[in-house]
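Below you'll find the structure, written out as structure tokens, and then a few comments.
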Amino acid sequence: MTRNDYSGYSLVIGRFQPLHNGHMEVLRKCAEESEHLIVGIGSAQSSHDPDNPFTAGERYMMISESLKAEGITEFSIVPVEDLNRYSVWVAHVVSMVPPFKRVYTNNPMTRRLFEEAGYEVRRSPMYNRSVYSGTEVRRRIAAGEEWRPLVPEAVAEVIDAIDGVGRIKDITGVSVGAPL
Ligand code: ATP
Ligand code: MG
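According to my numbering, the sequence shown is numbered sequentially starting from 5.
As structure tokens, this is what we get:
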């Protein structure tokens, strides 16, 4: 048996605030084309903020439950905190996740940084981006609009279990209540 050179290991990195159906398409495509899928949870230190409402642990559960529901079993999920220094960010990510050879991203800065570091970067199409975006899911939750069709069922279950709707309404100032 030859030693594993991790050539079939691929990375998808995002904030997943929350994981939505657009992300899920990318994860599915990456899992199909790879032996092992690595999901990096970016801005892992952030939570309880209008743009980053969910903790790394909550996002971990959203991702792991959604992948399992799809029958995907060969995956690792790794929270990655921000470094706020683009020049060394790839080295930071590499130090936190299993070895990999390929990266899937549509983000131009992420693409540039990994390409400069010598990784193969693949783009995936943007799926229905006008609705499948974290910003749109958070906006709908805060506005009391229908958000469940935009996310995998397992994500809605996690959000319900942690009262994510109440949290987003509180931190975006939508809830009625006494100010501090
Ligand atoms: P936010 O609106 O909070 O920035 P987002 O939807 O852009 O959320 P991110 O976690 O910022 O999601 O992005 C992670 C990765 O997922 C990026 O490479 C991004 O291009 C990709 N992505 C986001 N939405 C889609 C989509 N609808 N189809 C395909 N890829 C997507
Ligand atoms: Mg984004």
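Quick reminder that beta carbons are idealized off the backbone N, C-alpha and C, glycines included.
ask   = Rounded C-beta distance between Leu117 and Val94? I'm assuming under 8 Å.
value = 5 Å
Limits of the alpha helix (DSSP H) - the one that Pro112 falls within = 112-120
task = For Asn56, count neighbouring C-beta atoms within 10 Å of its own C-beta (all shown protein chains included) and say buried if the count is 16 or more, exposed if not.
result = buried
ask   = Relative to the C-alpha of Arg72, which residue among Thr59, Val159, Arg127 is closest?
value = The sequence shown places Lys at residue 72, rather than the Arg named in the question. It is Val159.
query = What's the call for Gln21, buried or exposed, on a 16-neighbour Cβ count within 10 Å?
reply = buried
query = According to DSSP, is Ile175 helix, strand or coil?
reply = helix
message = One question on the structure: do Ser80 and Val101 come within less than 8 Å of each other, judged by their Cβ atoms?
response = yes
query = Taking the alpha carbon of Glu85 as the point to measure from, which residue in Ala165, His40, Ile17, Glu157 has its own alpha carbon closest?
reply = Ile17
message = Taking the alpha carbon of Arg171 as the reference point, which residue from Pro54, Gly26, Leu15, Val30 has its own alpha carbon closest?
response = Pro54
inquiry  = Just checking Gly61 against the ligand MG - is the residue's beta carbon closer than 7 Å to any of the ligand's heavy atoms?
reply    = no
key: Distance CB(Gly26)-CB(Arg133) smaller than 8 Å   = yes
Residues that DSSP places opposite Asn25 in a beta bridge = Answer is none; Asn25 lacks a bridge partner.
message = For the ligand MG, I want to know if Gly138 counts as a neighbour, meaning its beta carbon is within less than 7 Å of at least one of the ligand's heavy atoms.
response = yes
message = Could you tell me the alpha carbon to alpha carbon distance between Tyr136 and Tyr10, rounded to whole angstroms?
response = 31 Å
task = Report the three-state DSSP secondary structure of Glu39 (helix, strand or coil).
result = coil
query = In three-state terms, what does DSSP make of Ser70?
reply = helix
inquiry  = Please list the terminal residues of the continuous beta strand (DSSP E) segment that includes Ile17.
reply    = 13-18
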